[in-house]
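Enquirer: Sending over a structure as C-alpha cells; questions will come in a sec.
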Amino acid sequence: MGPRGTGGRAGRAGAPAPGWTCLLPLLLCTALRSLRASPGSEVNLLDSRTVMGDLGWIAYPKNGWEEIGEVDENYAPIHTYQVCKVMEQNQNNWLLTSWISNEGASRIFIELKFTLRDCNSLPGGLGTCKETFNMYYFESDDEDGRNIKENQYIKIDTIAADESFTELDLGDRVMKLNTEVRDVGPLTKKGFYLAFQDVGACIALVSVRVYYKKCPSVIRNLARFPDTITGADSSQLLEVSGVCINHSVTEEAPKMHCSAEGEWLVPIGKCLCKAGYEEKNNTCQVCRPGFFKASPHSPSCSKCPPHSYTLDEASTSCLCEEHYFRKESDPPTMACTTPSPVSSVKKGKITKNSISLSWQEPDRPNGIILEYEIKYFEKDQETSYTIIKSKETAITADGLKPGAAYVFQIRARTAAGYGGFSRRFEFETSPVLAASSDQSQIPIIVVSVTVGVILLAVVIGFLLSGSCCDHGCGWASSLRAVAYPSLTWRCGYSKAKQDPEEEKMHFHNGHIKLPGVRTYIDPHTYEDPNQAVHEFAKEIEASCITIERVIGAGEFGEVCSGRLKLQGKREFPVAIKTLKVGYTEKQRRDFLGEASIMGQFDHPNIIHLEGVVTKSKPVMIVTEYMENGSLDTFLKKNDGQFTVIQLVGMLRGIASGMKYLSDMGYVHRDLAARNILINSNLVCKVSDFGLSRVLEDDPEAAYTTRGGKIPIRWTAPEAIAFRKFTSASDVWSYGIVMWEVMSYGERPYWEMTNQDVIKAVEEGYRLPSPMDCPAALYQLMLDCWQKDRNSRPKFDEIVSMLDKLIRNPSSLKTLVNASSRVSNLLVEHSPVGSGAYRSVGEWLEAIKMGRYTEIFMENGYSSMDAVAQVTLE
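Mature numbering (1 follows the signal peptide of the UniProt record, and there is no 0) puts the sequence shown at residues -37 to -1, 1 to 836.
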C-alpha cells in the first residue's frame, strides 16, 4: 500500500492476467447461480452484487487487483475483482473498500464468494504461487481514515479455498465458488474499511457481503418487542423489554432475550387484555354487545348471565333486567334474580332463655321454597352468630341470655338459590326477676333439695355401677352426671332432643365453632384468600431462604431444595415450591390454598408447613424436606430391600396421618403412594392437598365425571359414580396404597384402562395379593375395598390393627402366595404359646378372618389338620 497509503482506482477493463484465460465467462455463470436473499434476521451493510454504480474501491498498486465489469442475465452489473500475478515474486497487492457504516452494530459478518486456481495446474513459477489471501479491517468514525499505513490495519484472517480449479476444470466448464464467512467485533466506532491482500495467488473475488444480525420486531404474549441488534459476544443474550399492545395491561413487565443468532428466547412475563377485551390472534379484541369481561385475568369475553344484558362494546359487567337484582357482593358472573325476602316476622312465646318466631311465606318466592335460614346474634355481637335451618315457618331459638336483646334475619332458599335476608327484627328475652322478702326462704329450700338429690344419686350410682355399662346407663347415668358433673362416665352417651327439621350451626367470624374440637376450615370459604393464608401460614422473609437446586416441577412452578434460617434457630433443610412468573390471580389463589390447608395440620405423619413468601416474588411455599422423595418412586428404586416389619411401619405412619385428618373432618380425595413423602428415617408423611394438581399432571390417571376429574385407580366406587367423597372413600384409597407398598410401587390394575377398572371393580373384582404378602395385610386391603362404605374399617381401627401386627411379628409370617399350599407358618404359632392354634376359629381370628369361621366349618375344615391341607387354588 505504501507509506503514503495512496493508490489507483481499480480499473474496469484491461488484459487478463497470465493464466486467467477463459475464466470470466464461467465465473459469471457461477456467480449467477450463487445469488441468494439474506435471511430475515440479517441486515446488509454492503453487498457488492447489488451496487448499481461504482463501488469506489481502490487497488494498490494499480496493476494489481483489477475490476472486471460484466452484467448478469438481467443486465445488472456484477463487480468482480481478480488478480493473478503468479509468475512474479514478492507480490503485495491490496484492494480497499469504501467506508462502511456499521449502523450501531457492534459485531459484523463478512461473507466472501471467490474462486482460486490450484498452483499445481500452472506452468512454471510454482515457487512463487500462493493459494491463500488475507483480509483486514480498520475502524474509523468518518471517511477520512482510508489513507493510512498497512500496519495500522488489523488482520481478520487468512482465507483459503476449500476447492481450487485447474485448467482442466476450465475446459470442462466445471467450477464451484468458495464461500467463507468471518465475523469481527466488538466494534467501537461508527464505521470501518475492509482490505484484501494478495501475496501471489490466482484469485477472483466474485462478491463481498457485509451484514449484522438482529432479532426482528415481533409481537409475543400481547407485547411488542422492537428490532434489536445482537450483542458483540457470540454467546451473549440481550434482555429486551416489551411494550403491551393497545388495550392490554400487565402485572409483570414482559421481557425476552435476543440471542447472538438473531433469535428471540426466554420469554418472561406477559400482557393481558384489559377488562372488556379478549385475546384473539395475538391481539386484544373488544367484547361485543351482550358479552362482558370483568377482569384482565378472565380468559375471554363471556355471555351476560341470565336476566342481565349490555348494549355496549367493551363491557366489564352486565346490567340486571327490570325487577331482577344482584347483590353488591355478588361477582359479575352471578345471574340476576328476583328477591324472595321474608317481610313479616311475628314473635311468639318468649322466656328468659328462648324466643319463638313465626313468619309468612314470601309472596313471590321465585320457585318452591326448599328451606329457610334463620340467622341471629346478640345485639352488638354480630361477628358471633348462629344459623338455624328449618323447613317450617316457625322456630324457637333457645340457649339465650336472660334480659338480652337479639337480632333475627330470615331468608328463603329455592332451586335458584338463596334470596336476600329480611330486614333486622329485634326481640328481647325475659329478665330474671329479683327475689321478694316472701321468697327469701326459697334458696334454702333449693339447696336442701339439691343436697338430697346429690346424696341419693351417689348411692344409686354405686349400686348400679356394676351393671350400668352392660345394660345401658339410663336414668342412673343422668343422676351421676348431676352428682359429678366434672367426671366423664364412659359407658354411654346421650343426645339432646332436637327437631329433625331444624339444623343449628354456631359461627364465629364466619366459621363454624365446635366447642373443644379442632376442625378443618376450608380456605375457599374466605372471601379474601389472602386472609386464610395469613391466618394459617406464617410469612417468611425471602432473605431467610437459600435455594440450592431444582428437584422437580409442580403444576404452578419449580420445586427446589434449600435451607431456611429463622431468627434464633439453626439453619435447616427445606423444600420450596415456587409460583412461576406470569401467573393468574386464580393460579396464585390455588397455589396458596394448599398452604392454607397444610397450615392447619400438626402431626408427625403430615407434611409440615414452615411458612409462605407472599410479599415478594417469586411467591413460595416452604415445607420440611423429605430426603427420599415420593414413596412410589422410592419403593421402585429399592425393590425387595425392606423387611415386612419395615413396610408395615410405613403403612402405620400413613394410617396415623390419615386418622388425624379424618378426626379433623378433612377428606383427602387423592391418597396414593405418589402423594406420600418419605424421609431418611423411613417416616412416611401425607402430602399434596390439592386434587386438581395431580389430575392435570397425570391425565392417564383421571376419569372425567360430573363435576371434574378423579384418579380412578385409587378412588372408591361411590366417589366415582356419585362423587361421594368421605373418610370411607379415603379408606378405600388407603387399601390401594397398601397394595402399592407391598408390591414396591407396582401400578394398580397394571395396564387396564380406566373404563376397564371401573367395570371390573363394580362387578366385584379386587386386586390380587402382591407376591409374598402377609395374609393379614391382604385381608385388611380387602376390608378397605368393601363395596358398602359403612363396612370398611375406620382409620383408628386400621392403626390399631397394624399396631397389633407390629407387636406380634409372627402374625406376619403367614403369606398369601408363598407356595401352592398353605404354609405351616399359618398354624405353627399359637398366641398362648402351645406351638399350634387350638381351633380353626382361633386361627382365623388371629389372621383377621374370624367372620369366615362358619364357612370353613360348613365346607369340612373343622380341624387344623384339615386346614393345613388347603391349597391356594
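Glycine residues also receive a C-beta, built at the ideal position from the N, C-alpha and C atoms.
Model, not experiment: these values are computed from the prediction.
#1: Is it buried or exposed, W677, if we count other Cβ atoms within 10 angstroms and call 16 or more buried?
#2: Please classify D759: does DSSP put it in a helix, a strand, or coil?
#3: Closer than 7 Å by C-beta to L745: which residues in its own chain qualify, once you throw out the five before and the five after it? Chain order, please.
#4: Could you tell me the distance, in whole angstroms, from the CA atom of G520 to the CA atom of D553?
#5: Flag this pair as yes or no: are the beta carbons of P492 and L555 separated by less than 8 Å?
#6: Taking just the CA atoms, how far does R632 sit from R692?
#7: With DSSP run on the structure shown, which of helix, strand or coil describes S826?
#8: Tell me whether the beta-carbon of I351 lies closer than 8 Å to the beta-carbon of A357.
#9: Could you have a look at W322 and say whether DSSP puts it in helix, strand or coil?
#10: Can you tell me where the beta strand (DSSP E) holding S559 begins and where it ends?
#11: Between which two residues does the alpha helix (DSSP H) holding L730 run?
#12: If you measure between the beta carbons of T392 and T314, is that distance less than 8 Å?
#13: Along the chain, which unbroken stretches of the beta strand (DSSP E) at least 3 residues long are found entirely within the region 185 to 265?
#14: For the putative contact between G708 and A618, defined by C-beta atoms under 8 Å, what is the C-beta separation to the nearest angstrom?
#15: Who are the near neighbours of R512 in its chain, counting only those whose CB is closer than 7 Å to its CB and skipping five residues on each side?
#16: Roughly how many whole angstroms lie between the Cα atoms of E805 and K622?
#17: Considering only residues of the same chain and omitting the five flanking positions on each side of D766, which have a CB-CB separation below 6 Å?
#18: How many Å lie between E341 and Q372 at the Cα?
#19: List the DSSP bridge partners of W57.
#20: Return the chain-ordered list of same chain residues with a C-beta closer than 6 Å to the C-beta of P269, the five sequence neighbours on each side being excluded.
#21: Considering only their Cβ atoms, is the gap separating M627 from T482 smaller than 8 Å?
#22: Use the C-beta contact count for T78: other C-beta atoms within 10 angstroms, 16 or more gives buried, fewer gives exposed.
#23: Give me the residue from M705, L740, F685 and P680 with the minimum Cα distance to I721.
#24: When the Cα of S4 is compared with those of A538, G698 and S180, which residue comes out closest?
#25: Using only alpha-carbon positions, find the residue among Q199, S204, I166 and T193 that is nearest to I182.
#26: With distances taken Cα to Cα, identify the nearest neighbour of T606 among Q550, K776, Y588 and G27.
#27: Below 8 Å on the Cβ atoms is my contact criterion, and I expect A68 with Y175 to pass it. Report the Cβ-Cβ distance as a whole number of Å.
#28: Spell out a yes or no on whether the region 92 to 102 and the region 184 to 193 are touching, meaning 3 or more CB-CB pairs, one atom from each, closer than 8 Å.
#29: Can you check the region 327 to 400 for any beta strand (DSSP E) of at least 3 residues that lies completely inside it and give the ranges in chain order?
#30: Measure the C-alpha to C-alpha separation of D120 and H220 and round it to an integer number of angstroms.
#31: Secondary structure at H42, three-state DSSP: helix, strand or coil?
#32: How is F535 classed by DSSP in three states: helix, strand or coil?
#33: State the DSSP-derived secondary structure class of E102, mapped to helix, strand or coil.
#34: Going by other Cβ atoms of all chains shown within 10 Å of its Cβ, with 16 needed for buried, is N638 buried or exposed?
#35: So what's P304 in DSSP terms, helix, strand or just coil?
#36: Who are the near neighbours of R289 in its chain, counting only those whose CB is closer than 7 Å to its CB and skipping five residues on each side?
Expert: By the coordinates alone:
#1: buried
#2: helix
#3: R729
#4: 12 Å
#5: yes
#6: Rather than Arg, the amino acid found at residue 692 in this sequence is Ser. Cα to Cα, S692 sits roughly 8 Å from R632.
#7: coil
#8: Against a cut-off of 8 Å, the Cβ pair of A357 and I351 comes out as no contact.
#9: W322: strand per DSSP, three-state reduction.
#10: Segment E548 to M561 is the alpha helix (DSSP H) holding S559; no beta strand (DSSP E) there.
#11: Run containing L730: none; DSSP gives neither H nor E here.
#12: yes
#13: 186 to 188, 201 to 204, 211 to 221, 227 to 236, 240 to 243 and 246 to 249
#14: That belief does not hold up - the Cβ atoms of G708 and A618 are roughly 19 Å apart, past 8 Å.
#15: C523 and S524
#16: Using only the alpha carbons, I get a separation of about 29 Å.
#17: none
#18: Answer to the nearest angstrom: the Cα atoms are 12 Å apart.
#19: Y23 and Q160
#20: If you ignore the 5 residues before and after P269, its C-beta comes within less than 6 Å of the C-beta of A298, all in its own chain and listed in chain order.
#21: yes
#22: buried
#23: P680
#24: S180
#25: S204
#26: K776
#27: In this structure A68 is in contact with Y175, their Cβ atoms being roughly 4 Å apart against a cut-off of 8 Å.
#28: no
#29: 334 to 341, 347 to 353, 357 to 360, 368 to 377 and 388 to 391
#30: 31 Å
#31: strand
#32: strand
#33: Under the three-state reduction of DSSP, E102 is assigned to strand.
#34: buried
#35: strand
#36: C283, M297 and C299
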